[in-house]
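S.K.:
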């Protein structure tokens, strides 16, 4: 692939040599202008192209392709004389990625000056120099804003950078070519001066320059830093005494650089991201305050949420997800939080362009239109056309007369009129593959389909010369005896399609001669002779015998007329006789008298015409004309021979193929068309294609042809044409598709797997090299020891890598070999080194019991049992199964035994299938046995006789239900159910019964302690009907008794017990028949008589609704607190209209705390909101105003408890919650309910 070469450095060398001579320009007056530029041709690297560069660029960066791992150089030139100062050059990749920050091992930048294109500057053209003063520039590359990289020192005029340089050449060198995408080189030139670079020094002499170079070299050898650039200038200023620099200026004070820490971002975006086309990518930024508003921008335009751009908030992280990235998403992105921003760049990588339909070989003639088409996987993909490994560009298409065309995924290379120069090998390359094809251009060969025939005409008749050629566009000229024939009143020349005619009316004796047709542009002539038949009228008597006048009368060999099939034959036979004779025509022995039709007769007084319109093979016969009158008779015979193109060749087949060749064989045609077959034409094409390519242009005389230069692994078809003197036959039937490919390598690791008295089993591995054609199978052959005759054991190839050879003689020693077979033929054989003795080897029986069957095999009831137990032994052993010494029940157990294993199968296991099974494998008097123990288990029954004993002890008996496995952890689950104790209620309100512990005893006057058992309800099946719930107190208790401690005094409890084994819990528990009532010793509860307090009250808002101002797009909530008994019905309204089932609003009621949540409010949601609470005792109303603003900070609601808040308890059943705050009234501490406050 062509790679642009770096710019030549010869001009710089010339400038260096020129610096050795004294510069007379310094002494010349300022008024002298430089000489006019010469009219010589421009330098070779500045030669004009089809597209001249515009602006200040003399040469723009060009698109290049480079192989991965190679270096690439991109060059650009800038016209410096158009700029007021030294240009600053920047390189970019893609659209925004500046490569200055990438400078190092991967990218390097270089600038040179062109001395030859440097005319002297006009006076006062440079601000730092006077008239005639050289203006040296130093090369520098800026990165971002300002000069962040040190610039090289200024050069003297003799240092290879001449004064007043006007041509700036920027070179970027990239190492290890990046194949992840095409890098667009963008060069930006700015006519600015680097502010951090030192002022240019006045030019010195040659010695000063050499001394500086030597000094620099010594510093490099010592490892000293370079004494040039901004760094060295700053060092000299720092070391200068008294704060005076070598420039004569006071040394500036060094400013402290403080790194400003971002107040809004804790983690910014990465500098750049890359994603494959069609995939999605996430841009993540982390902010310091989750309430700060954040916006995303793409190329300065704000991004709105959509199905393509998805915004996510995860804590302090803000995520932008871009789905199904396209090339349009390749842009610069920024995220803004208040006044702070962070930037990044997204590069979208195009997927590899794959070739769907490759190029096809074509064979055309000069002047034909040719279209070479390739179809790729992506629309608008970039690809490269190459001819003979040279790139084809649009700039060269005007000279070479070709053009490129794109049609969706199809790319076409079109030649309007192809020439010999266009033949060659064409290649298409993409970043995902390549394909190539050959274009063969041949000179046109004109074929004569119908030659001119000699004519014999009489005076005043019409003579027609007619010929037909293969090309309709071919013109020509007619000649008579070497003189061109011009059209006249009697002579007409016509050209219709492929037929050329010369018609002569009213033939005269002077028209007799040789006529020739010469096609234009071809070395070919067609000639025929015009014979003038002169009729002499003599006096004859009235009686004259009939006479037939034929030119071919006489010898038999001269009475043959040859006509080409499809042509017209008109045979005019002159007849004389007086009186006029009677004419009779015979075909063979049959009289022919038709006057109409394709074959007919035409009778005239002086002649008889036999006409055939479009001769056919059936017209070939001997025709006889017989004339009679009273004076006598005459006869003449004519044999009409119809010649045609031959029939197609037969039995076209491929006999053998190779890596890139194939042998084609065919049979000659049965009918040669009446002319000898002179040879054959062969064509081939790829299977599935419609374009045939000729393999020979000269006729091939043999019936065996070797076709070469084919692609391995591609299917081809071939056909054959027969050729004789008349023309080319129809094509033969296509050969069967074949693939040029070499045979496989020999099979690997051939070995003997088994031997019996009459068979041998072999196995092997596939060949190491199979090829694109695959492998059809294997042929196994054997040979007796001492013989050389190999016998095929299988007539058809076997596909698997194993075969059993049968019918072998017992005791014989036999060699075996295996060959691979495919379409290319047989591979090299893989042969056993030693012969095999055909005799069965007795092998002792052995049961290979699996590891998991060496211990008790446990299955659950209803599950299938499927045991596969392998064994070995030869000859085939006898296998016997027994259970507990008795035969198996075949109605439940299925046994299947093969040569190497036995299968024990039960579809659904039952408890009766448990037991000890014995497997016996026996060969004659040798036997091997194995014991398999199977246990089928089910769920355990419930515990029995669950009793509650004294001292809070209870016990039970083991279940009676047989399960097949012991209860390993009885009981696994013990639960208790409290019963409320009867008695009067206390005078203060109790909380509602909790599902985690029982109701408190009425005798208690202090808060309840923690519950003594697990605080979660037990998910037990079929609990007894009771107003209370069951709670788990023990799990996995192995003994049949347990002690339940920490029960609440005054409660009465039931207990139940579940059993468990490996199948799980029992279906039903064992419930205690008696209860346990927990009593306190020595204390008797005397319930007090009191009147129940009436807790009913009308609804009352403890905390009203507050006016709020929220930000649009952020969820807002309105809070208030209400109490009342019975529980009031709450209705929310907006602008006096009730809010119904609207998914935008969420209404909750938690212990009297009412909340109305508004999802992502908009300005339309602002207004007056009210909450109405209604019960049978009255109603209450609370209102507030909600204002929704477009922008502004959002204040999160906070929950504030009043000082002194002690606890939050639920109200009595049906009432709403409130906070209890202690207060002192009259020296007595009481508890007053106060509302929760929402700020």
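Numbering (my numbering), first residue to last: 3 to 1241.
Note that beta-carbon positions come from the ideal geometry of N, C-alpha and C, so glycine has one too.
Quick caveat, the model's predicted, so the values are computed rather than measured.
Tell me whether the beta-carbon of residue 776 lies closer than 8 Å to the beta-carbon of residue 800.
M.R.: In the chain shown, counting from the first residue as 1, residue 776 sits at position 774. In the chain shown, counting from the first residue as 1, residue 800 sits at position 798. No; because the gap between Cβ atoms is not below 8 Å, this pair is not in contact.
S.K.: So, helix, strand or coil for residue 619, using DSSP?
M.R.: Locating residue 619 in the chain shown gives position 617, where the first residue counts as 1. Helix at residue 619.
S.K.: Taking DSSP as the reference, what is the three-state secondary structure of residue 721?
M.R.: Within the chain shown, numbered from 1, the residue matching residue 721 stands at position 719. Three-state result, residue 721: strand.
S.K.: What would DSSP say about residue 447, mapped onto helix, strand or coil?
M.R.: In the chain shown, residue 447 corresponds to position 445, counting from 1. Residue state, collapsed to three classes: coil.
S.K.: Would you grab the beta carbon distance between residue 901 and residue 870 for me? Rounded to a whole angstrom, and I think it's under 8 Å.
M.R.: The residue given as residue 901 occupies position 899 in the chain shown. The residue given as residue 870 occupies position 868 in the chain shown. With a Cβ gap of about 14 Å, residue 901 and residue 870 do not count as contacting.
S.K.: Counting Cβ pairs closer than 8 Å, one from the segment 833-844 and one from the segment 813-821, do we hit at least three?
M.R.: yes
S.K.: Considering only the alpha carbon of each residue, which of 90, 1184, 95 lies closest to residue 113?
M.R.: Position 111 of the chain shown, counted from the first residue, corresponds to residue 113. Among 90, 1184, 95, the Cα nearest to that of residue 113 is on 90.
S.K.: Return helix, strand or coil for residue 1095, following the three-state DSSP convention.
M.R.: Locating residue 1095 in the chain shown gives position 1093, where the first residue counts as 1. Looking at residue 1095 - three-state DSSP - the assignment turns out to be coil, as it is neither helix nor strand.
S.K.: Measuring only the C-alpha atoms, how far is residue 791 from residue 785?
M.R.: On the chain shown, residue 791 is found 789 positions in, with the first residue counted as 1. On the chain shown, residue 785 is found 783 positions in, with the first residue counted as 1. Each residue's Cα considered, the two are about 6 Å apart.
S.K.: DSSP three-state call for residue 330: helix, strand or coil?
M.R.: Position 328 of the chain shown, counting from 1, holds the residue named residue 330. If DSSP states are grouped into helix, strand and coil, residue 330 belongs with the helices.
S.K.: For residue 408 and chain B, any beta-carbon pair shorter than 8 Å?
M.R.: Of the protein chains in the structure, only one exists, and it is not chain B.
S.K.: Residues in the same chain with beta-carbon distance under 6 Å from residue 919, minus the five sequence neighbours each way, listed in chain order, please.
M.R.: Against the chain shown, residue 919 aligns to sequence position 917. Here the set comprises 885, 934.
S.K.: If you count every other CB in all the chains shown that lies within 10 Å of the CB of residue 1074, and 16 or more means buried, which is it?
M.R.: The sequence position of residue 1074 within the chain shown is 1072, counting from 1. With 16 or more other Cβ atoms within 10 Å, it is buried.
S.K.: Pairing CB atoms from the segment 626-638 with CB atoms from the segment 566-585, are three or more of them under 8 Å?
M.R.: yes
S.K.: Put residue 401 into one of helix, strand or coil per three-state DSSP.
M.R.: As a position in the chain shown, residue 401 is number 399, starting the count at 1. Residue 401 falls in the helix class under three-state DSSP.
S.K.: Taking the alpha carbon of residue 285 as the point to measure from, which residue in 293, 1095, 312, 73 has its own alpha carbon closest?
M.R.: Within the chain shown, numbered from 1, the residue matching residue 285 stands at position 283. Of the candidates 293, 1095, 312, 73, the one whose C-alpha sits nearest the C-alpha of residue 285 is 312.
S.K.: Tell me whether residue 1038 sits in a helix, a strand or coil according to DSSP, three-state version.
M.R.: Here residue 1038 corresponds to residue number 1036 of the chain shown, with the count starting at 1. Here residue 1038 sits in coil by DSSP.
S.K.: Nearest by alpha-carbon distance to residue 278: which of 355, 530, 770 is it?
M.R.: Locating residue 278 in the chain shown gives position 276, counting from the first residue. Per the Cα distances, 355.
S.K.: Ordered along the chain, which non-local residues of its own chain (more than five positions away) have a Cβ less than 8 Å from that of residue 410?
M.R.: Sequence index remark: in the chain shown, residue 410 carries index 408 (1-based). Excluding positions up to five away in sequence, the list reads 381.
S.K.: For residue 1078, collect the residues of the same chain with a Cβ closer than 6 Å to its Cβ; drop the 5 residues on either side in sequence, then sort them by chain order.
M.R.: What you label residue 1078 is simply residue 1076 of the chain shown in a count that begins at 1. Counting only Cβ-Cβ distances below 6 Å, and skipping sequence neighbours, we find 950, 1055.
S.K.: Determine which residues share a DSSP beta bridge with residue 756 and list them.
M.R.: Here residue 756 corresponds to residue number 754 of the chain shown, with the count starting at 1. For residue 756, which the question treats as bridged, DSSP gives the partners 763.
S.K.: Output the boundary residues of the beta strand (DSSP E) element that contains residue 428.
M.R.: Start at 1 with the first residue of the chain shown, and residue 428 comes out as number 426. 426-432 is the extent of the beta strand (DSSP E) around residue 428.
S.K.: Is residue 82 helix, strand or coil by DSSP?
M.R.: Sequence index remark: in the chain shown, residue 82 carries index 80 (1-based). Here residue 82 sits in helix by DSSP.
S.K.: Suppose the cutoff is 8 Å on Cβ atoms and the five residues either side in sequence are ignored; what does the same chain contact list for residue 517 look like?
M.R.: In the chain shown, counting from the first residue as 1, residue 517 sits at position 515. 454, 467, 480, 481, 482, 487, 504, 529, 530, 531, 532.
S.K.: Helix, strand or coil: how does DSSP classify residue 817 here?
M.R.: Here residue 817 is taken as the residue at index 815 of the chain shown, counted from 1. Three-state DSSP puts residue 817 in a strand.
S.K.: Determine the closest residue to residue 308 out of 711, 756, 326, 478, with distance taken between C-alpha atoms.
M.R.: Counting from 1 along the chain shown, the entry for residue 308 is found at position 306. Its Cα nearest to that of residue 308, the residue 326 stands out among 711, 756, 326, 478.
S.K.: Taking 8 Å as the cut-off, decide whether the C-beta atoms of residue 612 and residue 624 are in contact.
M.R.: If you number the chain shown from 1, residue 612 lands on position 610. If you number the chain shown from 1, residue 624 lands on position 622. Against a cut-off of 8 Å, the Cβ pair of residue 624 and residue 612 comes out as no contact.
S.K.: Enumerate in chain order the residues of its own chain whose CB-to-CB distance from residue 584 is below 6 Å, with the five nearest sequence positions on each side excluded.
M.R.: If you number the chain shown from 1, residue 584 lands on position 582. Contacts found: 630.
S.K.: Under 7 Å from any heavy atom of the ligand HEM, does the C-beta of residue 822 make it?
M.R.: No copy of the ligand HEM occurs in the structure displayed, which carries no ligand at all.
S.K.: Quick test of your reading: residue 435 and residue 389, contact by CB under 8 Å. State the CB separation rounded to the nearest angstrom.
M.R.: Residue mapping note: residue 435 aligns to position 433 of the chain shown, counting from 1. Residue mapping note: residue 389 aligns to position 387 of the chain shown, counting from 1. Between residue 389 and residue 435 the Cβ distance is about 18 Å, and since that is not below 8 Å, they are no contact.
S.K.: Return the chain-ordered list of same chain residues with a C-beta closer than 8 Å to the C-beta of residue 857, the five sequence neighbours on each side being excluded.
M.R.: As a first step, residue 857 must be located in the chain shown, where it is residue number 855. Correct list, in chain order: 935.
S.K.: Within 10 Å of its beta-carbon, does residue 838 have 16 or more other beta-carbons around it, so buried, or fewer, so exposed?
M.R.: Looking up residue 838 in the chain shown gives position 836. It is buried - the Cβ of residue 838 has at least 16 other Cβ atoms within 10 Å.
S.K.: Which of the three DSSP states, helix, strand or coil, is assigned to residue 512?
M.R.: The residue labelled residue 512 in the question sits at position 510 within the chain shown. The answer is helix: DSSP assigns residue 512 an H, G or I state.
S.K.: When burial is assigned at 16 or more other CB atoms within 10 Å of the CB, is residue 636 buried or exposed?
M.R.: In the chain shown, residue 636 corresponds to position 634, counting from 1. Residue 636 should be labelled buried.
S.K.: In whole angstroms, what is the alpha-carbon distance linking residue 805 and residue 931?
M.R.: As a working note, residue 805 is residue 803 in the chain shown. As a working note, residue 931 is residue 929 in the chain shown. Going from the Cα of residue 805 to the Cα of residue 931 covers about 32 Å.
S.K.: How far does the beta strand (DSSP E) with residue 1175 in it extend, from its first residue to its last?
M.R.: As a first step, residue 1175 must be located in the chain shown, where it is residue number 1173. Where residue 1175 is concerned, the enclosing beta strand (DSSP E) stretches over 1169-1177.
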